[in-house]
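Participant: Submitted below is the structure of interest, expressed as structure tokens.
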Amino acid sequence: MPLFTRSFSMLAKIGLAATTLALAAGCANNSEGAGAASPSSPPSILVVGHSEAHAKPDIAYINLGVEERAPTVTEAMQRNASQMSQLVAALKRVGIAEKDIQTSNFNVRFERDLPLPPQPYLGGAGVPEIAPAPAPQASAAAGKPGVAAAGKGPRTLPAPGAKSVPPPPPAKTGPAGFYLVSNNVQIVVRDVTKVGTVIDSAAGAGSNNIWGINFELEKKDAVEGELRQKAVADARTRAEALAKLSGVEIGSIVSVSEVVSGRDMPPPMPYAAAKAESSVNTPVEAGEMTFHGQIQVVYAIKK
């Protein structure tokens, strides 16, 4: 089991920073109390030593892939397969081994087109359409009942009470939606100085989905040793301070155990990449990682 956790671990939540002083002397007269020690238990001091170490990450994980859409599922899958083949080839050209490329997600779904908003019309329900008044005419016949204006034929007015009807919407052409195919892979970059180059190569090969970068420490032996050494020394210091405050003296170690807690990893942030040119140079900083360790030690109290 791993000894250490990242700086954003749940140490603050589980409250292991408290140091416990357990003195078993005089417990024989209170053996019925909750958690009381047995008469044979020697008096002891229990402490938790803490440690911290720093290291630069030596490995990076990137999720990336291709998303394509088309009117038919066959066309969408063909486009996606073509772009994905170019992406994998580009990753291998920049040094990503085949064993470090693994499919993490493949999805096919149908996306419907959004309906068009209703088009306004002038008639309105229950409102009869009124013919506009004829324009004034210079002819002498203008204004006489039963005589049509010059150059105009007879005009038929709508029947009383007639209602206007909105025109039918135009017929839609093409499919009612489209098919979307996405294919993503998780890759391992074993040289963290090349993460930016890998991202640029992937985007240039058609990757339009890049889901975050996670930096990790693959070689942990040196950090684990440093954490243990510091935690044991810290436990000794804490035990001696508690013993001095209590007017006792610590003896030999009764037990030692590592305290392991979970990690609270932040979710990767999505990064949508358009097709990039070869001149793009994406800056990526690996930074430094902080690890924490804890050792629980029980010391006997000298009589």
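In mature numbering (1 follows the signal peptide of the UniProt record, and there is no 0), the protein residues as written are -24 to -1, 1 to 279. Every residue, glycine too, gets a C-beta built ideally from N, C-alpha and C. The model shown is predicted, which means the values in this text are computed figures rather than measured ones.
(1) Exposed or buried, what is residue 270 when buried is set at 16 or more other beta-carbons lying within 10 Å of its beta-carbon?
(2) Taking the beta carbon of residue 78 as the centre, do at least 16 other beta carbons fall within 10 Å, making it buried, or is it exposed?
(3) Can you list, in chain order, the residues of its chain with a C-beta nearer than 6 Å to that of residue 206? Leave out the 5 residues immediately preceding and following it.
(4) Where residue 245 and residue 210 are concerned, what is the direct C-alpha to C-alpha distance, given to the nearest angstrom?
(5) Do you know offhand how far residue 33's Cα is from residue 153's?
(6) With DSSP collapsed to three states, give me the class of residue 274.
(7) Does residue 231 come out as helix, strand or coil in the three-state DSSP assignment?
(8) Can you pull the DSSP bridge partners for residue 269?
(9) So the candidates are 63, 229 and 174; which of them puts its Cα closest to the Cα of residue 70?
(10) Look at the Cβ atom of residue 171, then the Cβ atom of residue 189, and state whether they are nearer than 8 Å.
(11) Please name the residue or residues paired with residue 281 in a DSSP beta bridge.
(12) Just checking my contact of residue 262 with residue 181 at CB under 8 Å: how many whole Å lie between their CB atoms?
(13) Tell me whether residue 314 sits in a helix, a strand or coil according to DSSP, three-state version.
(14) So within the region 170 to 220, which uninterrupted alpha helix (DSSP H) runs reach at least 4 residues, ignoring any that extend past its ends?
(15) Going straight from the alpha carbon of residue 266 to that of residue 232, what length do you get?
(16) Quick check on residue 56: does DSSP put it in helix, strand or coil?
(17) Are the CB atoms of residue 223 and residue 278 within a distance shorter than 8 Å?
(18) Sort out for me which residues DSSP pairs residue 22 with in a bridge.
(19) My output table needs one value for residue 156: the three-state DSSP class, helix, strand or coil.
(20) Give me whichever residues DSSP pairs with residue 88 in a beta bridge.
(21) Return the chain-ordered list of same chain residues with a C-beta closer than 7 Å to the C-beta of residue 63, the five sequence neighbours on each side being excluded.
(22) Put residue 50 into one of helix, strand or coil per three-state DSSP.
(23) Between the C-alpha atoms of residue 80 and residue 257, what's the straight-line distance to the nearest angstrom?
Facilitator: Looking at the atomic coordinates:
(1) Label assigned to residue 270: buried.
(2) exposed
(3) Only 27 meet the Cβ criterion.
(4) Reliability of the predicted coordinates at residue 245 is poor, the pLDDT of 38 falling under 50, and the value obtained from them is presented with this limitation in mind. So the alpha carbons of these two residues sit roughly 37 Å apart.
(5) 45 Å
(6) strand
(7) strand
(8) 27
(9) Closest by alpha carbon: 174.
(10) yes
(11) Missing from the structure shown is residue 281; the chain here goes from -24 to 279 and no further.
(12) The Cβ separation is near 23 Å, so there is no contact.
(13) Any question about residue 314 goes unanswered here, given that the chain covers just -24 to 279.
(14) 171 to 180
(15) Between the alpha carbons of residue 266 and residue 232 lies a distance of about 24 Å.
(16) helix
(17) no
(18) 274
(19) strand
(20) Residue 88 pairs with 153.
(21) Taking C-beta separations shorter than 7 Å and ignoring five residues to either side along the sequence, the partners of residue 63 in its chain run 42, 178, 181, 182 and 183, following chain order.
(22) Judged by DSSP in its simplified three-state form, residue 50 adopts helix.
(23) 26 Å
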